[in-house]
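So that you can map any letter, position 14 of the sequence shown is 14 in full-length UniProt numbering, and since no number is skipped, the others follow by simple counting. Glycine is no exception: its CB is placed at the ideal position from the N, C-alpha and C atoms. Quick caveat: nothing in here was measured; it's all calculated off a predicted structure. Structure record follows, encoded as structure tokens.
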Amino acid sequence: MAGLFLLPPLVAPDPDLYDLAKYIHTWTSWFCGALVGGHLLVAIKHHFIDKDDVLAGMLLKIRR
Numbered sequence: 001m002a003g004l005f006l007l008p009p010l011v012a013p014d015p016d017l018y019d020l021a022k023y024i025h026t027w028t029s030w031f032c033g034a035l036v037g038g039h040l041l042v043a044i045k046h047h048f049i050d051k052d053d054v055l056a057g058m059l060l061k062i063r064r
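Right under this line is the structure:
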């Protein structure tokens, strides 16, 4: 965990599954990153191009 501490292995190492697990992990992380980036771009589009209140509705409201 970021070099702070070590976690014990949860399962025994399996070289046959390593490549599959790495492949799934890599593409899932790229997919999640693309979803976050897409949401960010669409929120910015709503704010600057459509000029509607979608972005304001998604942001936290701070009471004064």
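CB contact flag (residue i, residue j, <7 Å)
i: valine 54; j: histidine 46; result: yes
Inter-residue Cα distance where the pair is residue i and residue j
i: aspartate 16; j: glycine 38; result: 34 Å
i: valine 11; j: leucine 20; result: 15 Å
i: phenylalanine 48; j: alanine 56; result: 12 Å
i: threonine 26; j: proline 9; result: 20 Å
i: aspartate 50; j: tryptophan 30; result: 28 Å
i: tyrosine 18; j: leucine 4; result: 24 Å
i: lysine 22; j: leucine 40; result: 27 Å
Assumed close pair residue i, residue j - CB separation to whole angstroms, cut-off 8 Å
i: residue 68; j: methionine 58; result: With the chain running from 1 to 64 in the structure shown, residue 68 is simply not present.
Where residue i sits in the DSSP three-state scheme
i: alanine 12; result: coil
i: glycine 37; result: helix
i: leucine 59; result: coil
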